[in-house]
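Visitor: Just passing along the structure, written as C-alpha cells.
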Amino acid sequence: MRHVIALDVGGTGMKAALVGADGTLLHEARRPTGRDRGADAVVESILGFAADLRAHGLAHLGEPAAAAGVAVPGIVDAENGVAVYAANLGWNDVPLRELLSTRLEGIPVALGHDVRTGGLAEGRLGAGKGADRFLFVPLGTGIAGAIGIDGAIEPGAHGSAGEIGHIVVRPGGPPCGCGQRGCLERLASASAVSEAWAKASGDPAADAADCAKAVRSGDPRALDVWQNAVDALADGLLTALTLLDPHTLIIGGGLAEAGETLFTPLRAAVASRVVQFQTLPEIVPAALGDAAGCLGAGLLAWDLLDTDEPVTGGPLTDGPVTGEPDRTPIPDSPEVTT
C-alpha cells in the first residue's frame, strides 16, 4: 500500500505515522525526543525513528514509504531543508532533509516548521477547511502563528512569517526571550497563564488548566489572571486581523482546551476592539489537537509526490479515521505522553 512517513518532533516527544494517500493513518507511534542527551543524540533519534518507520511499512504494508515529511520547532529553512536553530533541542544548522533522505534510501523528504505544518493540516483537514484566508494560533509554551492563504501556508521572505507571539502588546511589560518586553506570548500563552496563576494562588505547582477550573468556579483571583490573558490575546489578534484580514481565526494549543471558558470572553474581547473598517472574523477552536503537526508532515510528504489527487479530505476530514490504524509498536519505541 502506497504511503508516506510523517514525523512531528517536539521538545519532549516525537509523534509519527504512516499515512495513506486518502489521509488514513495506517500506523502510529511515539517516542521520547531525549533532548537531555544533547543535539547530536536528538538528530540520531529522529533518523533512527524514521528508519524504523520505513522498515515497518516494508514489513506490514508491502512496500517502503514513498516520501517523508518532518515538522520541527524553532527556525526552519524549509526551502533548503535545514533546521537552523531550536533552543529547546540545542541544535544549529542541521541539514535534516539531507540526513533523512540518506537514511531512508534516497526518498524525497520535506522539512517544515511545526506551527506552519500544523496550520497546513488545520487548513486542509480541520477547522480552516474551506477558508481562503485563515490564521492558526496555537497557545502553548509559547505562541506562534500560521498564515493560510488559498490552501497554502505563507512562510514569509525569510521563513519567519506568523510570529504573532512576538507582537508587543504591553510596552515595558515582562521581558521575553526574544529581547523585547511585553510580547504576547509572555502574557497569553499557556505557560504565561500558569506562571501568573501559580503566583496569584500561592501554589507553585498550579498551571493554566487549574486556573481555568478556578475561573469556572468563580474564583476572583483566577478571573483576574484569565481576563488579563484574554485581553492581551485580543490585542494581539486585533493587530493580526488588521494586517491579514482573515476569514477565520483558529485557536489551538493547550490553552484552547479550556473550551468556552476561553472562547466566550475572547470572542467578546475581540469584537469590542473591532472598528468600522475591520471585519470580525470567525474565531473557532482547532479541530485536530496534538495530531495537527504529524498530519501536516504527512501532507508535506504527499505534496512532494506526483499524485492525481492531493490529500485534501478522506477520513481525517469528516471525523475519526474509518477502521483501526495499525498501532503495533515498533521495536524499541517506548510510548510517551507529551
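So for the sequence shown, the UniProt record's numbering puts the first residue at 1; every next one is plus one.
No residue lacks a Cβ here, since even glycine has one placed at the ideal position from N, Cα and C.
None of the values given here were measured: they were computed from a predicted structure.
(1) Quick one: what's Ala83 bridged to in DSSP?
(2) Would you call the CB atoms of residue 386 and Ala301 closer than 8 Å?
(3) In terms of residues, what are the limits of the alpha helix (DSSP H) holding Thr239?
(4) Relative to the C-alpha of Glu105, which candidate in Val82, Ile46, Gly130, Ala51 has its C-alpha closest?
(5) Whole angstroms is fine: what's the gap from Ala144's alpha carbon to Pro64's?
(6) For the alpha helix (DSSP H) containing Pro265, name the first residue and the last one.
(7) Distance, Cα to Cα, Leu58 vs Arg97?
(8) Distance check for Gly112 and Gly253, CA to CA, integer angstroms please.
(9) Specify, as a first and last residue, the run of the beta strand (DSSP E) that Thr117 falls within.
(10) For Arg35, which residues from the same chain have a beta carbon less than 8 Å from its beta carbon, with the 5 sequence-adjacent residues on both sides left out?
(11) Taking the alpha-carbon positions, what's the Val76 to Leu238 distance?
(12) Along the beta strand (DSSP E) that carries Ala29, what are the first and last residues, could you check?
(13) Would you kindly report the start and end of the unbroken beta strand (DSSP E) that includes Leu58?
(14) CB-CB under 6 Å to Arg116, same chain, minus the five flanking residues each way: which ones, in chain order?
(15) Taking DSSP's pairing of strands, which residues face Thr248 in a bridge?
(16) Please classify Leu316 as buried or exposed, where buried requires at least 16 neighbouring CB atoms within 10 angstroms.
(17) Does the separation of the CB atoms of Ala297 and Val70 fall below 8 Å?
(18) Considering only the beta carbon of each residue, do Gly156 and Arg124 sit closer than 8 Å?
(19) Determine the direct distance from the alpha carbon of Leu135 to that of Gly119, and round the result to whole angstroms.
(20) Excluding sequence positions up to five away, which residues of its chain have a Cβ less than 7 Å from the Cβ of residue 357?
(21) Start and end of the beta strand (DSSP E) containing Leu295?
(22) What is the residue span of the beta strand (DSSP E) that Lys15 lies within?
(23) What is the residue span of the alpha helix (DSSP H) that Leu7 lies within?
(24) DSSP three-state call for Ala161: helix, strand or coil?
(25) Would you report the Cα separation of Gly148 and Gly177, rounded to the nearest angstrom?
(26) What separation, rounded to the nearest whole angstrom, lies between the Cα atoms of Val274 and Val84?
(27) Beta strand (DSSP E) containing Ala146: first to last residue?
(28) Is it buried or exposed, residue 343, if we count other Cβ atoms within 10 angstroms and call 16 or more buried?
Guide: This is what the structure gives:
(1) Val76, Val94
(2) The first residue shown for the chain is 1 and the last is 338, placing residue 386 beyond what the model contains.
(3) 220-244
(4) Ala51
(5) 34 Å
(6) 260-273
(7) 21 Å
(8) Near 18 Å, if we compare the C-alpha coordinates of Gly112 and Gly253.
(9) Note, Thr117: premise wrong, no beta strand (DSSP E); alpha helix (DSSP H) at 114-125.
(10) Around Arg35: Gly11, Thr12, Val42, Asn88, Leu89, Gly90.
(11) 27 Å
(12) 25-32
(13) No beta strand (DSSP E) contains Leu58, which is instead part of the alpha helix (DSSP H) from 39-61.
(14) Ala146, Ile153
(15) Phe134, Glu282
(16) Because the pLDDT of Leu316 is 38, which lies under 50, any placement of that residue in the model is unreliable, and the number read from its coordinates should be weighed accordingly. Classification for Leu316: buried.
(17) yes
(18) no
(19) 8 Å
(20) Nothing can be reported for residue 357: it is not among the residues displayed for the chain, which extend from 1 to 338.
(21) Looking at the DSSP string, Leu295 is not in any beta strand (DSSP E); the run it does join, the alpha helix (DSSP H), is 292-304.
(22) For Lys15, the uninterrupted beta strand (DSSP E) run begins and ends at 13-20, by DSSP.
(23) Careful: Leu7 lies outside any alpha helix (DSSP H), inside the beta strand (DSSP E) at 3-9.
(24) Here Ala161 sits in coil by DSSP.
(25) 27 Å
(26) 37 Å
(27) 146-149
(28) Residue 343 cannot be examined here, being either before or after the span of the chain that is shown, 1 to 338.
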